[in-house]
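Peer 1:
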Amino acid sequence: MSKKYDTPMLDELEKGAFPSFVTEIKRAAAHSDMSNDLLGHTETCYKERVTHWKHGGIVGVRGYGGGVIGRYSDMPDKFPGVAHFHTVRLNSPSGFYYKADALVELCDLWDKYGSGLTNIHGSTGDLVFLGTRTENLEPFFAETSSRGWDLGGSGSALRTPSCCLGKSRCEWANIDTMAITNDITQHYQDEMHRPAFPYKFKFKVAGCACDCIASIARADMSIIGTWKGNIRVNQAEVANYAKTMNIQAEIIDMCPTGCMKLDGKELRIDNANCNRCMHCIAKMTKALRPGTEQGATLLLGSKAPIVTGALMSWVIVPFIKMEPPYEEFYELIDKIWEWWDENGKNRERIGELIERLSFPRFLKEVGLEPSPAMVKEPRRDPFFFWAEEDIER
Amino acid sequence: MEKEEVKKIIYALVEASTGKKKLKQSDILKKVSADHGIEKDEVKAALRDLVDAGTLIFTYFGGSFIEIPPK
Chain A
1114 MSKKYDTPML
1124 DELEKGAFPS
1134 FVTEIKRAAA
1144 HSDMSNDLLG
1154 HTETCYKERV
1164 THWKHGGIVG
1174 VRGYGGGVIG
1184 RYSDMPDKFP
1194 GVAHFHTVRL
1204 NSPSGFYYKA
1214 DALVELCDLW
1224 DKYGSGLTNI
1234 HGSTGDLVFL
1244 GTRTENLEPF
1254 FAETSSRGWD
1264 LGGSGSALRT
1274 PSCCLGKSRC
1284 EWANIDTMAI
1294 TNDITQHYQD
1304 EMHRPAFPYK
1314 FKFKVAGCAC
1324 DCIASIARAD
1334 MSIIGTWKGN
1344 IRVNQAEVAN
1354 YAKTMNIQAE
1364 IIDMCPTGCM
1374 KLDGKELRID
1384 NANCNRCMHC
1394 IAKMTKALRP
1404 GTEQGATLLL
1414 GSKAPIVTGA
1424 LMSWVIVPFI
1434 KMEPPYEEFY
1444 ELIDKIWEWW
1454 DENGKNRERI
1464 GELIERLSFP
1474 RFLKEVGLEP
1484 SPAMVKEPRR
1494 DPFFFWAEED
1504 IER
Chain B
-13 MEKEEVKKII
-3 YALVEASTGK
7 KKLKQSDILK
17 KVSADHGIEK
27 DEVKAALRDL
37 VDAGTLIFTY
47 FGGSFIEIPP
57 K
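Residue numbers (the numbering used here), protein chains in the order written: chain A, 1114 to 1506; chain B, -13 to 57.
#1: Quick check: the stretch 1193 to 1209 of chain A against the stretch 1226 to 1246 of chain A, are at least 3 beta-carbon pairs closer than 8 Å?
#2: Assuming A:T1339 and A:A1286 make a contact with CB atoms under 8 Å, what is their CB distance in whole Å?
#3: Does the count of Cβ pairs from the stretch 37 to 53 of chain B and the stretch 1175 to 1194 of chain A closer than 8 Å reach three?
#4: Quick one: any contact between the stretch 1316 to 1335 of chain A and the stretch 1401 to 1419 of chain A, if contact means 3 or more CB pairs under 8 Å?
#5: In this structure, does DSSP put A:N1456 in helix, strand or coil?
#6: Could you name the residues of the same chain whose beta carbon sits closer than 7 Å to that of A:E1304, not counting the 5 residues immediately before and after it, in chain order?
#7: When you check each C-beta in the stretch 1127 to 1156 of chain A against every C-beta of chain B, which residues fall closer than 8 Å?
#8: Within the same chain, show all residues whose beta-carbon is closer than 6 Å to that of A:G1235, passing over the 5 residues directly before and after it, in chain order.
#9: Could you spell out the range, first to last residue, of the alpha helix (DSSP H) harbouring A:D1376?
#10: Which stretch, first to last residue, makes up the beta strand (DSSP E) that contains A:P1431?
#11: Judging by CA-CA distance, which residue of A:I1394, A:I1364, A:F1253 is the nearest neighbour of A:C1323?
#12: Are the stretch 1426 to 1440 of chain A and the stretch 1370 to 1383 of chain A in contact at 8 Å, needing three or more beta carbon pairs?
#13: Report yes or no: do three or more beta-carbon pairs, one from the stretch 1206 to 1223 of chain A and one from the stretch 1164 to 1173 of chain A, lie closer than 8 Å?
#14: At the level of alpha carbons, what is the spacing between A:G1266 and A:P1308?
#15: Under 8 Å: do the stretch 1247 to 1264 of chain A and the stretch 1209 to 1224 of chain A share three or more Cβ pairs, one atom per stretch?
#16: For my contact list, A:V1172 and A:T1294 are in at a C-beta cut-off of 8 Å; report their separation, rounded to the angstrom.
#17: Please classify B:Q11: is it buried, with 16 or more other beta-carbons within 10 angstroms of its beta-carbon, or exposed?
#18: Got a sec? Which residues, its chain only, sit under 8 Å from A:Y1159 by beta carbon, not counting five neighbours each side?
#19: Quick one: give me the first and last residue of the beta strand (DSSP E) that A:M1334 is part of.
#20: Just to confirm my understanding: we take A:E1465, look at its own chain, exclude 5 residues before and 5 after, and list those with CB closer than 6 Å. What are they?
#21: Quick check on the DSSP output: what are the complete alpha helix (DSSP H) runs of length 4 or more inside the stretch 1254 to 1310 of chain A, in order along the chain?
#22: Kindly list the residues whose CB is nearer than 7 Å to the CB of A:T1120, restricted to its own chain and excluding five residues on each side of it in sequence; keep chain order.
#23: Verify the CB distance criterion: does B:Y46 have a CB-CB separation below 8 Å to chain A?
#24: According to a CB-to-CB cut-off of less than 8 Å, which residues of the stretch 1251 to 1269 of chain A neighbour chain B?
#25: What does A:R1175 touch in chain B if you count any residue whose Cβ is under 9 Å from its own?
#26: At the level of alpha carbons, what is the spacing between A:A1385 and A:D1289?
#27: Could you pull out every residue in the same chain whose Cβ sits closer than 7 Å to the Cβ of A:Y1301, ignoring the five residues on either side in sequence?
#28: If you count every other CB in all the chains shown that lies within 10 Å of the CB of B:H22, and 16 or more means buried, which is it?
#29: In chain order, what residues of the same chain lie with their CB nearer than 8 Å to the CB of A:S1115, ignoring the 5 residues before and after it?
#30: Within 10 Å of its beta-carbon, does B:E(-10) have 16 or more other beta-carbons around it, so buried, or fewer, so exposed?
#31: Take A:Y1226 and list the residues in its own chain whose beta-carbon comes closer than 7 Å to its own, dropping the five residues that flank it on each side.
#32: For a minimum of 3 consecutive residues, which ranges assigned as the beta strand (DSSP E) are wholly contained in the stretch 1172 to 1221 of chain A?
#33: Give every residue of the same chain whose Cβ lies closer than 6 Å to the Cβ of B:K7, excluding the five residues on either side of it in the sequence, and list them in chain order.
The structure is reproduced here in structure tokens:
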């Protein structure tokens, strides 16, 4: 298919060291009229500094209230290929593990029913299929669901839960993130496919406080693996590390609670004052390991800035055992959703509602005991470094 | 109350709201439950039947709502 549009502004986005979405659209445009018109449409949006997309409306798959995001061009005559350009979200498997032939099959189906453009994965964690017409939604859904896939979440619903790789590859995982994510997904099918909330709700499950999926900033509920008791220390390995690193500077001085010290060649940890940040464990992998009584900390309320400003999740349950059948966890979630449903306004996230009605009221009405661990903002951030001139100022 | 009867009540509520106020699923559950003394789970099951049959649909306009599909 020949080039239809000059795109000088988009072409600028192909320069530089990083992969460019423009390059990918151009590659798809070689065999897709839809992608070809997308180039012209996007160039027009950039040139006129205004979006020509209309979002939402009445579009989807029968029986489902989510998983398809309606999108239309307001210039259908000029760019007929993108008159409809709906997005389809497919629920990703926990940990994002795929067989190559499954991905090839999905891409072939999308070449058949859509633009051929994908976003794997979108920031939601779904497999995102960009650009199709309304009449192609049901056939695409029928073909994918017959192969075992299901739609993900969208709208005022539970969004597709996602997680880090957890115990499948990471020795630091304190919880089985993939099993938990799968269980939540199966348990809350109705909440994911039939939007009933005031607004969206996201779960993200991280195996430890390294939080590789950034759940603390991206999920209404962050489930972060942690432990009770003492960090396991191998003093012989500590001595080995001392030969190649400055333990005082790189570990002890960077401990956010100052709970460590070197006693001769041995590392001493005041575990009662450790906040399980994982810094020391991540730096001295052979010498330190999490404690053996493992579970999760539940945090609530983070969101990106849409209606109001961005929020980070904060602790609502310092420690919970996350083992099947997760009854205690699900009971708590149901109570939180009921409270949100009773009190939340349209498009109000759970974190915003707590800010509006107060954290003490949330705790009281949901039935959670206050705890000193429920810190909304940390005393200091160990990953933020002041320059000397900042300190002098 | 029979499920078919609940479905009729839900449909009538959505129909009466058309063009006036968009109803969320939770609005319907609360209203029908409160007005007719029916458990929310029963209302939810009836509503699910209506959506599965395509009699009512979910729409998205800055939030997810239940509406009658366009003719």
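From the three backbone atoms N, C-alpha and C, an ideal C-beta is built for every residue, glycine too.
Peer 2: In terms of the structure at hand:
#1: yes
#2: A:T1339 to A:A1286, Cβ: 11 Å. No contact.
#3: yes
#4: yes
#5: helix
#6: A1270, L1271
#7: none
#8: V1241
#9: It is not in any alpha helix (DSSP H) - A:D1376 instead sits in the beta strand (DSSP E) that spans 1373 to 1376.
#10: 1427 to 1433
#11: A:I1394
#12: no
#13: no
#14: 9 Å
#15: yes
#16: Not really, about 28 Å apart at Cβ, beyond 8 Å.
#17: buried
#18: M1122, L1123
#19: 1334 to 1341
#20: T1421
#21: 1290 to 1300, 1302 to 1306
#22: L1152, E1156
#23: yes
#24: S1267, G1268, S1269
#25: V37, D38, A39, G40, I43
#26: 25 Å
#27: L1271
#28: exposed
#29: none
#30: exposed
#31: T1245, N1249, P1252, F1253
#32: 1184 to 1186, 1200 to 1203
#33: none
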